[in-house]
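Take a look at the structure set out below.
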Amino acid sequence: MNTKEEKLVAFGRLLDIMDELREKCPWDREQTMLSLRNATIEECFELMDAIVGGEPLYIKKELGDLLLHVVFYAKIAQEEGCFDIGDVATALCEKLVYRHPHVYGETAVADAGEVVQNWEALKQREKDGNKTILSGVPKGMPALPKACRIQQKVSTVGFDWPEREGVWNKVREEIREVQTEIGAKNPDRIEAEFGDLLFSVVNAARLYGVNPDLALERTNRKFIRRFGYMEEETIAQGKALQDLTAEQLEALWQEAKKRDE
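In structure tokens:
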């Protein structure tokens with residue numbers, strides 16, 4: 014592994030390269046914060062894929078791509094006279110010190126849960142911090158992780174199930190309400206109740222220490238893998254999936270499941 018000095022040298026080289034690209038490369042020179050936005054979102058998703066895949070080399074590559082965007086935004090801001098990468102790092106350091114009084118101050122905490130509670134409370138006390146509990150949840154955040162983040166935040170002020178087992182009554186209640194609206198054939202109410210059901214299932218996952226986004230992605234990948242096997246087997250037999258009966262499809266699915274265990 015690199016020493017601290019080597020890390021600083023590597024980061025300094027990155028800054029030098031960014032300066033040079035901004036000066037000499039036509040494409041890099043014409044980029045703005047808005048033009049980079051979509052690519053940054055894409056890089057975040059690629060990093061998430063790498064983390065789920067668990068391949069260190071892939072994670073390293075995607076972290077580098079994301080770091081490039083951080084440096085790029087800071088360079089553009091520097092050119093506009095707003096701030097530079099040093100200001101970004103300084104602000105981050107000050108925030109981390111402020112929000113960790115149990116490390117840099119005299120505050121005592123019993124566990125990680127108290128750390129999270131203190132963190133949220135301190136955020137609201139900051140001059141430019143969030144003014145309400147949920148104001149820091151990004152509006153553009155995908156719905157599934159957003160639901161989990163909302164639930165995590167409100168739990169820090171005690172708005173949570175006293176006993177996590179109680180959440181299952183809520184899940185069952187929401188299932189009944191979905192079924193009722195399906196019976197009433199009201200599309201808008203059906204959608205609303207499905208949303209409530211999904212929100213309660215996300216809450217249950219959180220209470221049992223499961224990241225619902227990762228859990229769903231794991232199932233997505235498993236389904237893709239198994240369905241891919243079904244397609245491969247069908248093609249090998251000179252057939253098409255759409256030509257199989259429901260019973261044949263189910264038998265092939267069960268075969269795929271066995272091979273995947």
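The opening position of the sequence shown corresponds to residue 14 in my numbering, with each subsequent residue numbered one higher. Beta carbons: idealized from backbone N, C-alpha and C, even for Gly.
Around the beta carbon of Q261, a 10 Å sphere encloses fewer than 16 other beta carbons of the protein chains shown; the residue is thus reported as exposed. With a minimum length of 4 residues, the unbroken runs of alpha helix (DSSP H) contained wholly in the stretch 201 to 266 fall at 225 to 249. Your pair F85 and L49 checks out as a contact, with CB atoms roughly 6 Å apart and the cut at 8 Å.
Taking all protein chains in view, the Cβ of S213 is crowded by 16 or more other Cβ atoms within 10 Å, so the residue is classified as buried. Taken in chain order, the whole alpha helix (DSSP H) runs of length 4 or more contained in the stretch 86 to 152 are 98 to 111, 114 to 117, 125 to 138.
Taking 8 Å as the cut-off, the beta carbon of A228 is found no closer than this to the beta carbon of A217.
Pairing E133 with I146 gives a Cβ-Cβ distance under 8 Å.
The three-state secondary structure of C57, taken from DSSP, is helix. K88 sits buried, since 16 or more C-beta atoms from the chains shown fall within 10 Å of its C-beta. The C-beta distance from Y111 to L135 rounds to 6 Å, short enough to meet the 8 Å contact threshold. When C-alpha distances from E93 are compared across Q44, W181, L76, the shortest belongs to Q44. Selection A23, G208, N15, H82 evaluated against R35 yields H82 as nearest (Cα-Cα). In this model, I163 and F172 are separated by some 11 Å (Cα to Cα).
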